[in-house]
Ligand SMILES: Nc1ncnc2c1ncn2[C@@H]1O[C@H](COP(=O)(O)OP(=O)(O)OP(=O)(O)O)[C@@H](O)[C@H]1O
Ligand SMILES: [Mg+2]
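Protein chains in written order, with the working numbering: chain L, 3 to 261; chain X, 20 to 342.
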């Protein structure tokens, strides 16, 4: 198995337009095993996207190291796929060409041609190959960008609130698809989310981050098998615990309250 | 049902407006005598109106079987009618009533007469100008795209070239003439250079601004998909900037036509710009207007072609970008 991520003592500060220093990450240590599904959750502005971008290699830490399978991360690479909150499909390419982008960019399109159709089918978009992104709904665009990120077989898939802008039903649908892909392909997945339900539903471990100072507050392993029932007692217990850790649990001190 | 019938009637009305406008113009042209102040001329305006009426009626008939023509006539009907009305009024003010200075505002009969009687010279002029425009636009646009792309992608190029471009760009083409005459072996290449510079500037500016306005997310996502720097330039930056590049080309073609008259001041043997200059000096304003009409027609043909081309290439930007 490949795709383990090591984050050690990572600090990252930004300078705002007014010249203030923002500590986006203040000493983060995290070990993610190959094939694991980890969700990151925490208050807005606590540095979740920053951490994900560092793992992707789109930004660099001020200090500390990030590594994939023991190899230091020095920049973006197709072994670490990234999916943004808004779909970022290339508007000038149709769905097929968007999905094929990675293969063409790496010059392996000829050999791997069939993968394009396979992943389009996998996310349920067959028949829309010739459509342009603006002709599809938000959910379909997110599916397409999932296919685009997956087609190059990354070892790690980084997802920054990919389903945040979707309605609840589409979101639950795509969650199941992501889980299925995770199970079938065994890649490591790290997803940022605002949705506690989503975090518990998908993750092997939920990483809770705190705002100030921005660091990892607690890691909650979710010891439930799949498929998970969103209304089961155990599920709700995890949900309540995470909410409590995020300081939103005050009004529901007791899990039994739900039952 | 009633409502449908009303909209249909309204549609037919819109399509028929130009016919009435042309008939009105024809009637006034034929039944009101020309002012004696205007030099005699064959009634070319009448011929033009009759020709136009014929063309329009043919289109009108086709519109019952071809919906695309039908849509166009419904949409353009009022405008075409308005244009004909404008010429009608102009005809009344000049040929019929001589209310405008006769020297500067020749009758439409004479303006169209120039086109009809000097076809040989004018056709030659069109060919010469077309050659000049072709070389000027092709090389100017290529140079503009290249400079714009380099400016957009390279900080070094931008550092050194941006200020230079800001100085060179706004120099009027007349000011180039002495320099160009020394630098270029032939008058044609010198003129083509002037046209080229006029195209180059807006193309450069729009291309580089188009590239700097590309959302960074597109570059970031392409990097996570394994795109090399080169691949990003050609497969992300340029396609994303394409709408701006077209806008730059459009502006460039506009300024190439504006420059044409200046460019053909230097040693041209023929050319629409040259013709206009020459006739203006002879105070033959009928010929000047004829030249202007030809330039306008050339220009709109070229622009229509450009837009057709854009619609083909940039299907994706429908509903994404508007300009
Ligand atoms: N490029 C940047 N320049 C300046 N400050 C930045 C930059 N990127 C992030 N920050 C700051 O770093 C902090 C963490 O940002 P980040 O985007 O990682 O938060 P987040 O946890 O993803 O928030 P959200 O849940 O709202 O997306 C914020 O305070 C933000 O203002
Ligand atoms: Mg974020």
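Virtual Cβ for every residue (Gly too), placed ideally from N, Cα, C.
*Have a look at residue 56 of chain L and residue 200 of chain X and give me their C-alpha separation to the nearest angstrom.*
Here residue 56 of chain L refers to the residue found at position 54 of the first chain. Here residue 200 of chain X refers to the residue found at position 181 of the second chain. Each residue's alpha carbon lies about 58 Å from the other.
*Contact with chain X by residue 149 of chain L, beta-carbon distance below 8 Å*: Position 147 of the first chain, counting from 1, holds the residue named residue 149 of chain L. Output row for residue 149 of chain L: interface = no.
*Hey, does residue 226 of chain X have any beta-carbon neighbour from chain L nearer than 8 Å?*
Taking the second chain and counting its residues from 1, the one referred to as residue 226 of chain X is at position 207. Cβ-Cβ to chain L under 8 Å: no for residue 226 of chain X.
*May I ask you to report which of helix, strand or coil DSSP gives residue 266 of chain X?*
Counted from its first residue, the second chain places residue 266 of chain X at position 247. Three-state DSSP puts residue 266 of chain X in a helix.
*Would you report the Cα separation of residue 242 of chain X and residue 127 of chain L, rounded to the nearest angstrom?*
If you number the second chain from 1, residue 242 of chain X lands on position 223. If you number the first chain from 1, residue 127 of chain L lands on position 125. One C-alpha to the other measures close to 24 Å.
*Return no unless some Cβ of chain X is closer than 8 Å to the Cβ of residue 90 of chain L.*
Indexing the first chain from 1 puts residue 90 of chain L at position 88. Taking Cβ atoms only, chain X reaches closer than 8 Å to residue 90 of chain L, which makes this a yes.
_Beta carbon proximity, residue 206 of chain L to chain X, threshold 8 Å_ = As a working note, residue 206 of chain L is residue 204 in the first chain. Output row for residue 206 of chain L: interface = no.
_Sequence-ordered residues whose beta carbon comes within less than 5 Å of a heavy atom of ligand 1_ = L:16, L:24, L:26, L:46, L:47, L:48, L:49, L:50, L:51 and L:52
*DSSP three-state call for residue 34 of chain L: helix, strand or coil?*
Along the first chain, read from residue 1 onward, the residue named residue 34 of chain L stands at position 32. Strand.
*Go through its chain and collect everything with a Cβ distance to residue 358 of chain X's Cβ below 8 Å, but skip five positions before and after it.*
Because chain X spans 20 through 342 in this model, residue 358 of chain X falls outside it and cannot be assessed.
*Of the residues that make up the region 239-266 of chain X, which ones have a beta carbon closer than 8 Å to any beta carbon in chain L?*
239, 240, 241, 242, 243, 244, 245, 246, 247, 250, 254, 255, 258, 259 and 261
_Beta-carbon proximity of residue 211 of chain X to residue 275 of chain X, cut-off 8 Å_ = Taking the first residue of the second chain as position 1, residue 211 of chain X is located at position 192. Taking the first residue of the second chain as position 1, residue 275 of chain X is located at position 256. No; because the gap between Cβ atoms is not below 8 Å, this pair is not in contact.
*Using a C-beta to C-beta distance shorter than 8 Å, which residues of chain L count as neighbours of residue 237 of chain X?*
In the second chain, the residue the question calls residue 237 of chain X occupies position 218. The contacting residues are 90 and 92.
_Do residue 152 of chain L and residue 121 of chain L count as a contact pair if the criterion is CB distance below 8 Å?_
The residue labelled residue 121 of chain L in the question sits at position 119 within the first chain. The residue labelled residue 152 of chain L in the question sits at position 150 within the first chain. Yes. Within cutoff.
*asked:* What residue range does the alpha helix (DSSP H) around residue 186 of chain L cover?
replied: If you number the first chain from 1, residue 186 of chain L lands on position 184. Segment 170-187, the alpha helix (DSSP H) holding residue 186 of chain L.
*Looking at residue 189 of chain L and residue 164 of chain L, is the spacing between their C-beta atoms short of 8 Å?*
As a first step, residue 164 of chain L must be located in the first chain, where it is residue number 162. As a first step, residue 189 of chain L must be located in the first chain, where it is residue number 187. It is not a contact, given that the beta carbons lie outside the stated cut-off.
_Test item: CB-CB of residue 40 of chain X and residue 133 of chain X under 8 Å_ = Indexing the second chain from 1 puts residue 40 of chain X at position 21. Indexing the second chain from 1 puts residue 133 of chain X at position 114. For residue 40 of chain X and residue 133 of chain X, no; Cβs fall outside 8 Å.
_Cα-Cα separation between residue 195 of chain X and residue 213 of chain X, rounded to whole angstroms_ = As a first step, residue 195 of chain X must be located in the second chain, where it is residue number 176. As a first step, residue 213 of chain X must be located in the second chain, where it is residue number 194. Taking the straight line joining both Cα atoms gives about 7 Å.
*asked:* Please determine whether the Cβ atom of residue 163 of chain L lies at a distance below 7 Å from any heavy atom of ligand 2.
replied: Residue mapping note: residue 163 of chain L aligns to position 161 of the first chain, counting from 1. It does: the Cβ of residue 163 of chain L is within 7 Å (strictly closer) of some heavy atom of ligand 2.
*Find the nearest neighbour of residue 212 of chain L within the set L:227, L:246, L:233 and L:242, judged by alpha-carbon distance.*
Start at 1 with the first residue of the first chain, and residue 212 of chain L comes out as number 210. When each option's Cα is compared against that of residue 212 of chain L, the closest is L:246.
*asked:* Using beta carbons (cut-off 8 Å, strictly below), is residue 293 of chain X in contact with chain L?
replied: Locating residue 293 of chain X in the second chain gives position 274, where the first residue counts as 1. Closer than 8 Å: no.
_Any chain X beta carbon closer than 8 Å to residue 237 of chain L_ = The count along the first chain starts at 1 and reaches residue 237 of chain L at position 235. So, not an interface residue.
*Selection from X:77, X:300, X:248 and X:304 that minimises the alpha carbon distance to residue 77 of chain L*: Here the question's residue 77 of chain L lines up with position 75 in the first chain. Comparing Cα positions, the closest option is X:248.
_Check whether chain L comes within 8 Å of residue 342 of chain X, counting only Cβ atoms and requiring the distance to be less than that._
Numbered from 1 along the second chain, position 323 holds the residue referred to as residue 342 of chain X. Residue confidence for residue 342 of chain X is low, a pLDDT of 48 falling below 50, so the modelled location carries little weight and cannot support an answer.
*asked:* Under 7 Å, CB to CB, which of the residues in the region 98-127 of chain L have a partner in chain X?
replied: 103, 104, 107 and 108
*Consult DSSP for residue 118 of chain X and reduce its assignment to one of helix, strand or coil.*
Against the second chain, residue 118 of chain X aligns to sequence position 99. In the structure shown, residue 118 of chain X sits in coil (DSSP, three-state: anything other than H, G, I, E or B).
*Pick from L:172, L:158 and L:104: whose alpha carbon is nearest that of residue 191 of chain L?*
Taking the first chain and counting its residues from 1, the one referred to as residue 191 of chain L is at position 189. Considering only alpha carbons, the answer is L:158.
*Please say whether residue 33 of chain X and residue 93 of chain X have beta carbons closer to each other than 8 Å?*
Sequence index remark: in the second chain, residue 93 of chain X carries index 74 (1-based). Sequence index remark: in the second chain, residue 33 of chain X carries index 14 (1-based). In contact: residue 93 of chain X and residue 33 of chain X (Cβ atoms closer than 8 Å).
*Pair every Cβ in the region 71-90 of chain X with every Cβ in the region 143-158 of chain X, then say whether three or more of these pairs are closer than 8 Å.*
no
*Check: residue 194 of chain L C-beta below 7 Å from any heavy atom of ligand 2*: In the first chain, the residue the question calls residue 194 of chain L occupies position 192. It does: the Cβ of residue 194 of chain L is within 7 Å (strictly closer) of some heavy atom of ligand 2.
_Local conformation of residue 258 of chain L per DSSP, three classes_ = In the first chain, counting from the first residue as 1, residue 258 of chain L sits at position 256. Any reading at residue 258 of chain L needs caution, since the residue's pLDDT is 47, under 50, leaving its predicted position unreliable; the model's value is listed next. Note: residue 258 of chain L maps to helix in three-state DSSP.
*Count the other C-beta atoms from every protein chain shown that fall within 10 angstroms of the C-beta of residue 334 of chain X, then say buried if there are 16 or more, exposed otherwise.*
One-based indexing of the second chain puts residue 334 of chain X at position 315. Result: exposed.
*asked:* Can you tell me where the alpha helix (DSSP H) holding residue 197 of chain X begins and where it ends?
replied: Locating residue 197 of chain X in the second chain gives position 178, counting from the first residue. Here the alpha helix (DSSP H) through residue 197 of chain X covers 192-202.
*Cβ separation of residue 205 of chain L and residue 40 of chain L, assumed to be a contact under 8 Å, to the nearest whole Å*: For the purposes of this step, residue 205 of chain L is identified with residue 203 of the first chain, where counting begins at 1. For the purposes of this step, residue 40 of chain L is identified with residue 38 of the first chain, where counting begins at 1. That belief holds up - the Cβ atoms of residue 205 of chain L and residue 40 of chain L are roughly 6 Å apart, short of 8 Å.
*At a CB-CB cut-off below 8 Å, which residues of chain L make contact with residue 195 of chain X?*
Counting from 1 along the second chain, the entry for residue 195 of chain X is found at position 176. By Cβ distance, chain L contributes nothing, its closest Cβ being about 37 Å from residue 195 of chain X, past 8 Å.
*Per-residue contacts from residue 335 of chain X into chain L (C-beta, under 7 Å)*: In the second chain, residue 335 of chain X corresponds to position 316, counting from 1. Result: 93, 94 and 134.
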